[in-house]
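Numbering (the UniProt record's numbering), first residue to last: 1 to 236. Beta carbons: idealized from backbone N, C-alpha and C, even for Gly. All figures in this text were calculated on a predicted structure; none of them were measured in a lab.
What follows is the structure, given as C-alpha cells:
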C-alpha cells in the first residue's frame, strides 16, 4: 500500500522504474569510466549513482515497498558512503543515513562508519551527537547546536520532555518541518508531477527520535511526514 498521500500508485511505480533505470545507467557508467581511465567521469557517475540510490529509497518507501528490502538498500548506500562523503555532501543526506541506521537497528560498527565520516569534515552537531550518544553509550540527551538550524532546533525541547514528546512532535511536524525546508531543492516538488522528481516527503529524523525515546507514538500514526511503520520495525 502506498505510504505517501500526495501521489498515487501509478506515479510511484513509474518513479521507481525510472530510478532503477538511472541507477543501472550510472552504475554501468562507473565501470565504463574505469575502463577508459577517466577518473573525473568516474567520480561524476559514482556521485550520480549514490544520489539516485537516495531517491530510490524515498521512492520505494513512499510506494509501500517492504521494509526488509529498504533495509538492504540502506546497507547498499552505507557501503558507498565512505567514497561518496565529502565537504560538498549535504548534511541532510547524512541526517537521513543516521536516522535510517537508528530505525533499521544498525550495529554500532555500522553506525561508526557514519559517525567517523561526519567528524572527518567537522559536521557533527546536536542531532548527530544525539544519535551517537544513544548508539554508543545508551544516553538520551540532546545539545542545542544544530548545523541546519530551524526546524531542527525544535527537536531539543521535544527530547527534553519525553512525557509530552508525541504531542509536541506532532505539532512540530504539522507546523514547522515542511516550512523549515522552503529553501531546499525538493521543496514543493509534488506540485510538478510532470517532471517526475517527487519522491515523497519524510521526516526520518522524527521517527528516529521517537524510536530512541521509546514513548507511545500512536497519535502520530497518520501524521504527514512521519514514518510510523519504520519506527516500529524490528530487525530480523
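ask   = Looking at C-beta atoms only, is the number of pairs between the segment 117-135 and the segment 162-182 that lie closer than 8 Å three or more?
value = no
query = By the 10 Å Cβ neighbour count, where 16 or more other Cβ atoms means buried, how is residue 249 classified, buried or exposed?
reply = The chain is shown only over 1 to 236; residue 249 falls outside these bounds and no answer can be derived.
query = Hey, out of 153, 16 and 154, whose CA is closest to residue 57's CA?
reply = In the chain shown, the residue the question calls residue 57 occupies position 57. The candidate whose alpha carbon is nearest that of residue 57 is 16.
key: Reference residue 5, options 78, 159, 207 and 190, closest by Cα   = Here residue 5 is taken as the residue at index 5 of the chain shown, counted from 1. Per the Cα distances, 190.
request  = Can you tell me which of 161, 121 and 62 puts its alpha carbon nearest to the alpha carbon of residue 224?
outcome  = Residue 224 sits at position 224 when you count from the first residue of the chain shown. With distances taken between Cα atoms, residue 224 lies closest to 62.
request  = Can you give me the Cβ contacts of residue 41 inside the same chain, cut-off strictly under 7 Å, excluding the 5 residues immediately before and after it?
outcome  = The residue labelled residue 41 in the question sits at position 41 within the chain shown. Here the set comprises 33.
inquiry  = Would residue 212 and residue 102 be called neighbours here (beta carbons separated by less than 8 Å)?
reply    = Within the chain shown, residue 212 is the residue found at index 212, counting from 1. Within the chain shown, residue 102 is the residue found at index 102, counting from 1. Taking 8 Å as the Cβ cut-off, residue 212 and residue 102 qualify as a contacting pair.
ask   = What are the uninterrupted segments assigned as alpha helix (DSSP H) that are 4 or more residues long and contained completely in the segment 59-106, given in chain order?
value = 67-84 and 91-103
Same chain only: Cβ atoms within 6 Å of residue 200, ignoring 5 sequence neighbours per side = Locating residue 200 in the chain shown gives position 200, where the first residue counts as 1. 4, 58 and 62.
message = Quick check: residue 220 and residue 169, are their CB atoms within less than 8 Å of each other?
response = Here the question's residue 220 lines up with position 220 in the chain shown. Here the question's residue 169 lines up with position 169 in the chain shown. Going by C-beta atoms, residue 220 is nearer than 8 Å to residue 169.
ask   = Among 84, 106 and 85, which has the Cα closest to the Cα of residue 70?
value = Position 70 of the chain shown, counting from 1, holds the residue named residue 70. Closest option to residue 70, Cα to Cα, is 106.
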